[in-house]
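Reading the sequence shown from the start, the letters are residues 62 to 397 in the working numbering.
A virtual CB, placed ideally from N, CA and C, is assigned to each residue, including glycine.
As the structure is a prediction and not an experimental result, all values here were calculated from the model.
Everything on this sheet refers to the single structure shown next.
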Amino acid sequence: MRIILCGFGVVGQSLVKLLDSRSEDLYARFGLKPRIVGVTDRKGSAQESSGLDLSRLIEVKKKFGSVKKYGNGKNKQTGLDLINNLDADVLVETTTSNYKDAEPGMSHITSAMKQGLHVISVNKGPLALAFPSLMELATYNQVLLKFSGTVGGGTPILDYAKNSLRGERISSFAGILNGTTNYILTNMANGMTFESALQDAKKKGYVEEDESLDLDGLDAAAKLVILANWIMDFKVTLPDIKRIGIRKVTTSDIQKASKNNCALKLIASCNKDLIVSPKEISLNDPLCVNGTLNAISFTSEHSGTQTIIGRGAGGIETASSILRDLLDIRQEISKN
Ligand SMILES: NC(=O)c1ccc[n+]([C@@H]2O[C@H](COP(=O)([O-])OP(=O)(O)OC[C@H]3O[C@@H](n4cnc5c(N)ncnc54)[C@H](OP(=O)(O)O)[C@@H]3O)[C@@H](O)[C@H]2O)c1
């Protein structure tokens with residue numbers, strides 16, 4: 062399977078390490094022989110139609126800060142150049158999520174699908190801004206669009222709701238979908254002010270470069286869009302979400318929740334409306350997880366309410382979700 066990898070940061074590099082360390086096992090167990098034929102970052106690209114040397118790719122990125130030094134150092138081809146010119150089967154899109162115009166991920170994904178490539182995206186931007194039309198484009202071009210890593214990192218939240226609960230009618234769901242805000246609110250419940258909890262989260266590297274993505278609930282809202290489209294068959298995009306972040310949460314809000322035997326959490330919920338907002342959650346509710354954990358409760362017609370809990374982010378965890386998607390694509394291809 063020939064793969065173009067756009068973006069070579071935490072997730073992209075974790076994926077390459079994972080594929081490198083598991084190559085024999087993946088072939089023996091699943092018949093999967095992934096070959097990365099092109100990689101891009103902001104400064105340039107590397108390409109090799111017979112497959113790039115994965116450990117060398119990691120070394121070059123570490124030493125020179127860009128994959129373009131893999132070859133003669135002059136390779137300035139962009140992701141779009143690779144997608145339009147290389148023979149490949151799958152695009153793995155791991156560039157930065159951007160909720161203004163979703164670029165460069167949006168152009169990567171749409172061009173790849175038009176070229177007949179299957180797509181795996183962990184980049185939430187394009188899906189948050191255009192989920193319904195991207196699914197239509199995938200159907201039109203008869204390719205698969207997979208995105209397991211966009212919600213829950215390595216925790217298979219989307220697969221659980223779509224496949225394990227198949228046949229059920231999910232009537233609503235609510236979840237903590239952003240680990241950073243959960244970490245800040247947990248620290249506040251332990252006595253810190255908002256400002257000191259935020260600084261602590263920054264020191265630990267939990268906060269996005271653009272802190273608004275976490276604090277104003279944009280990241281959680283993007284995940285809510287993906288869940289609502291995929292699981293509830295809604296046709297919605299980011300502007301359809303009512304969104305209040307955690308910037309205005311005060312110590313007295315936290316104390317008030319505690320008096321009610323609750324904790325204040327940033328909850329993304331889908332009932333009749335799609336809302337991201339701080340909400341009091343009972344300390345006895347399985348949803349009430351602490352630290353950077355994510356949790357989501359699905360309520361369905363016959364099987365009641367079920368909660369799935371896990372780490373919502375992390376390079377290797379998210380890379381493992383890409384591997385799941387690759388295996389699904391491999392299975393679909395071999396069926397046809
Ligand atoms: N990290 C997680 O735990 C996690 C979990 C779930 C989903 N995600 C999503 O996965 C994606 C990648 O996350 P990450 O943590 O790997 O981010 P990251 O470390 O910041 O890596 C982003 C990569 O994208 C490249 N990039 C950014 N803008 C680009 C452009 N205009 N053209 C070409 N390349 C560009 C960067 O290039 P340079 O290397 O040159 O800067 C970098 O290699 C994001 O969309 C994120 O929201 C991340």
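Asked: Let me know the secondary structure DSSP gives F125 once reduced to three states.; Found: helix
Asked: Please identify the residue among A356, E362, S381 whose C-alpha is closest to the C-alpha of I369.; Found: A356
Asked: Report yes if the C-beta distance between G140 and H169 is below 7 Å; otherwise report no.; Found: yes
Asked: From L276 to I307, what does the alpha carbon distance come to, in whole angstroms?; Found: 6 Å
Asked: How big is the Cα-Cα spacing for F192 and N322?; Found: 38 Å
Asked: In chain order, which continuous runs of the alpha helix (DSSP H) of length 4 or greater are located wholly inside the stretch 290-357?; Found: 312-320
Asked: Inspect the beta-carbon positions of T360 and S232 and report whether they are closer than 7 Å.; Found: yes
Asked: Considering only heavy atoms of ligand 1, does any lie closer than 6 Å to the CB of I187?; Found: Sequence check: residue 187 is Pro here, not Ile. No - ligand 1 has no heavy atom lying nearer than 6 Å to the Cβ of P187.
Asked: Which of the three DSSP states is assigned to A374 in this structure?; Found: coil
Asked: Are the Cβ atoms of S75 and G376 separated by less than 7 Å?; Found: yes
Asked: Assign F69 to buried or exposed, taking buried as 16 or more other Cβ atoms, counted over all protein chains shown, within 10 Å of its Cβ.; Found: buried
Asked: To the nearest angstrom, how far is it from the Cα of L206 to the Cα of T254?; Found: 42 Å
Asked: Using three-state DSSP, classify A380 as helix, strand or coil.; Found: helix
Asked: With hydrogens ignored, establish whether the beta-carbon of T156 is closer than 6 Å to any heavy atom of ligand 1.; Found: yes
Asked: Name the DSSP bridge partner or partners of I97?; Found: I64
Asked: Using only alpha-carbon positions, find the residue among R372, V310, E270, C67 that is nearest to E164.; Found: C67
Asked: Quick one: using the 10 Å Cβ neighbour count with 16 as the cut-off for buried, is I394 buried or exposed?; Found: exposed
Asked: In its own chain, which residues sit with a C-beta less than 6 Å from the C-beta of L279, not counting the 5 before and 5 after it?; Found: Y160
Asked: What's the gap between the Cα of T156 and the Cα of K320?; Found: 43 Å
Asked: Flag R63 as yes when its Cβ comes closer than 6 Å to any non-hydrogen atom of ligand 1, and as no otherwise.; Found: no
Asked: Just the C-alpha distance for E120 and D389, rounded to the nearest angstrom, thanks.; Found: 30 Å
Asked: What span of residues does the beta strand (DSSP E) with H179 cover, start to end?; Found: 179-182
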